[in-house]
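Participant:
Number of protein chains: 2
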Amino acid sequence: MDSEELRNAGLKVTIPRLKILSLLENSAERHMTAETVYRLLAEGGEVIGLATVYRALAQFEAAGLITRHHFDSGQTVYELERGPHHDHIVCIRCGRVEEFYDKVIEERQREIAASLGFTLSDHALTLYGECNSPDCPGHQG
Amino acid sequence: MDSEELRNAGLKVTIPRLKILSLLENSAERHMTAETVYRLLAEGGEVIGLATVYRALAQFEAAGLITRHHFDSGQTVYELERGPHHDHIVCIRCGRVEEFYDKVIEERQREIAASLGFTLSDHALTLYGECNSPDCPGHQG
DNA sequence: TGCTCAAACGATAATGATTCTCAATATAGA
DNA sequence: TCTATATTGAGAATCATTATCGTTTGAGCA
Ligand SMILES: [Zn+2]
Ligand SMILES: [Zn+2]
Ligand SMILES: [Zn+2]
Ligand SMILES: [Zn+2]
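The following block contains the structure:
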């Protein structure tokens with residue numbers, strides 16, 4: 150249950166936090182900005198202060214429940230931590246985000262860091278390109 | 150000469166642009182924010198409006214003279230385009246930035262994009278870790 | 001060299017995202 | 001239920017970046 154997750158993270162169980170966590174768990178789009186979280190909740194009739202949304206997301210991140218990405222769009226994008234690590238590819242036309250995991254790249258990263266005298270703790274890899282979805286505005290056909 | 154670069158980029162040759170370009174070329178630190186450019190110029194006695202710095206950097210980027218990065222720190226970091234493509238590793242303690250190029254990773258990226266139905270146009274790869282420089286505040290020694 | 005005019009400059013206002021403030025409110029535990 | 005404390009939300013504040021606009025400058029030409 151979501152209440153458990155919050156308690157395990159050392160956070161009080163409050164309505165706003167439960168609503169935000171639930172939204173992150175149940176939305177089709179896994180990657181969203183704070184504004185998007187705020188807007189989707191509002192559209193669902195759950196008006197939660199924007200400041201509270203930002204605070205909750207920051208706390209969730211500190212607790213390891215969610216991760217934060219900085220795509221080239223500028224705004225910070227949050228994503229519920231579920232399953233194993235993955236990286237992203239973003240369509241520069243329609244914004245669609247797909248996920249991937251590549252063992253070869255992950256291994257090379259460790260080797261590169263070591264060879265440069267760094268102890269690797271994290272990485273951010275995002276590919277940008279044009280997708281071939283029929284819904285993408287630039288789609289041919 | 151820098152004037153040539155500006156002319157080739159279709160930009161008028163002005164004092165501020167020459168100063169900014171020169172700073173990017175001659176600084177030991179190759180990666181800097183707009184604020185840093187502004188500050189370093191000011192410290193060198195060249196007071197150039199911050200708006201002008203931002204404008205020049207945007208124009209240089211559009212002309213392909215410099216590239217722009219979004220490290221997790223938040224601020225946009227600019228870097229003079231010289232030599233071939235490379236990615237970055239950033240020390241999370243002291244902020245030191247090192248560059249690397251890995252053919253294997255570059256190739257895998259193309260394969261991954263293709264397999265997901267994307268036409269790859271760009272990518273951003275940044276590793277984060279702790280460096281072993283004696284100057285790094287976390288250095289053991 | 002001096003003239004003209006669009007382009008560029010710089011001070012400052014505006015914007016957009018995010019964080020802070022603080023009085024009112026809700027939660028966890030006794 | 002009662003209390004002490006953490007959280008909330010509205011709005012102010014902040015930070016990076018961009019837009020505005022009157023003044024200045026560079027490039028081509030007489
Ligand atoms: Zn698309
Ligand atoms: Zn993801
Ligand atoms: Zn370091
Ligand atoms: Zn670099």
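Chains as they are written, first to last, in my numbering: chain Y, 150 to 290; chain Z, 150 to 290.
Note that CB positions come from ideal geometry on N, CA and C, so glycine has one too.
Every value quoted in this text rests on a predicted model; they were computed, and no experiment measured them.
1) Say yes only if the C-beta of Arg179/Z is nearer than 7 Å to one or more non-hydrogen atoms of ligand 4, and no if none qualify.
2) Can you round the beta-carbon distance between Val253/Y and His180/Y to whole angstroms, since I take them to be within the 8 Å contact cut?
3) Can you tell me whether DSSP reads Asp271/Z as helix, strand or coil?
4) Report the neighbours of Ala207/Z on chain Y: residues whose CB is nearer than 8 Å to its CB, in chain order.
5) Which one of Phe267/Y, Ser176/Y, Pro165/Y has the shortest CA to CA distance from Leu206/Y?
6) Output yes if chain Y places a C-beta closer than 8 Å to the C-beta of Ile197/Z; else output no.
7) Using alpha carbons as the reference points, say which of Glu247/Z, Gln258/Z, Ile261/Z, Phe267/Z lies closest to Leu265/Y.
8) Ignore the nearest five residues each way along the sequence and tell me which others in Glu210/Y's own chain have a CB closer than 8 Å to its CB.
9) Spatial neighbours of Gly104/Y within its chain, please: C-beta separation below 7 Å, excluding the five flanking residues on both sides.
10) So Phe249/Z and Ile261/Y are supposed to be a Cβ contact under 8 Å. How far apart are they, rounded?
11) Can you check whether the CB of Leu269/Z is closer than 8 Å to the CB of Leu276/Y?
12) Shortest alpha-carbon distance to Gly193/Z belongs to which of Gly159/Z, Lys161/Z, Ile169/Z, Val162/Z?
13) Using alpha carbons as the reference points, say which of Gln224/Z, Gly244/Z, Ala212/Z lies closest to Cys285/Z.
14) Mind listing, in chain order, the continuous alpha helix (DSSP H) runs of no fewer than 4 residues lying wholly within the segment 160-224 of chain Z?
15) Chain Y beta carbons: is any one of them nearer than 8 Å to that of Glu279/Z?
16) Name, in chain order, the residues that DSSP records as bridge partners for Glu291/Y.
17) Measure from the C-beta of Leu189/Z to each C-beta in chain Y and report whether the shortest distance is under 8 Å.
18) Assign Glu228/Z to one of three DSSP states: helix, strand, or coil.
Facilitator: A quick look at the data gives this:
1) Your numbering for residue 179/Z matches position 30 in the second sequence. Yes.
2) If you number the first sequence from 1, residue 253/Y lands on position 104. If you number the first sequence from 1, residue 180/Y lands on position 31. About 24 Å separates the two Cβ atoms, so there is no contact after all.
3) For the purposes of this step, residue 271/Z is taken as residue 122 along the second sequence, with counting starting at 1. Asp271/Z: strand per DSSP, three-state reduction.
4) Translated into the one-based positions of the second sequence, residue 207/Z becomes position 58. By Cβ distance, chain Y contributes nothing, its closest Cβ being about 14 Å from Ala207/Z, past 8 Å.
5) Along the first sequence, one-based indexing puts residue 206/Y at 57. Among Phe267/Y, Ser176/Y, Pro165/Y, the Cα nearest to that of Leu206/Y belongs to Pro165/Y.
6) Sequence index remark: in the second sequence, residue 197/Z carries index 48 (1-based). Not an interface residue.
7) Start at 1 with the first residue of the first sequence, and residue 265/Y comes out as number 116. Per the Cα distances, Glu247/Z.
8) Along the first sequence, one-based indexing puts residue 210/Y at 61. If we look at Glu210/Y and ignore the five residues flanking it on each side, its Cβ neighbours are Thr216, Arg217, Tyr227.
9) This structure leaves residue 104/Y out entirely; chain Y is present only between 150 and 290.
10) Start at 1 with the first residue of the second sequence, and residue 249/Z comes out as number 100. Start at 1 with the first residue of the first sequence, and residue 261/Y comes out as number 112. Confirmed, Cβ separation roughly 5 Å.
11) Working through the first sequence from its first residue, we reach residue 276/Y at position 127. Working through the second sequence from its first residue, we reach residue 269/Z at position 120. Going by C-beta atoms, Leu276/Y is nearer than 8 Å to Leu269/Z.
12) For the purposes of this step, residue 193/Z is identified with residue 44 of the second sequence, where counting begins at 1. Nearest C-alpha to Gly193/Z: Ile169/Z.
13) Looking up residue 285/Z in the second sequence gives position 136. When each option's Cα is compared against that of Cys285/Z, the closest is Gly244/Z.
14) 164-175, 183-192, 199-211
15) As a working mapping, residue 279/Z is identified with position 130 in the second sequence. By this cut-off, Glu279/Z is an interface position.
16) Summary: the structure shown does not reach residue 291/Y, with chain Y confined to residues 150 through 290, and so no result is reported for it.
17) To locate residue 189/Z, count along the second sequence from 1; it is residue 40. No, its Cβ sits nowhere closer than 8 Å to a Cβ of chain Y.
18) For this step, residue 228/Z is matched to residue 79 along the second sequence. Strand at Glu228/Z.
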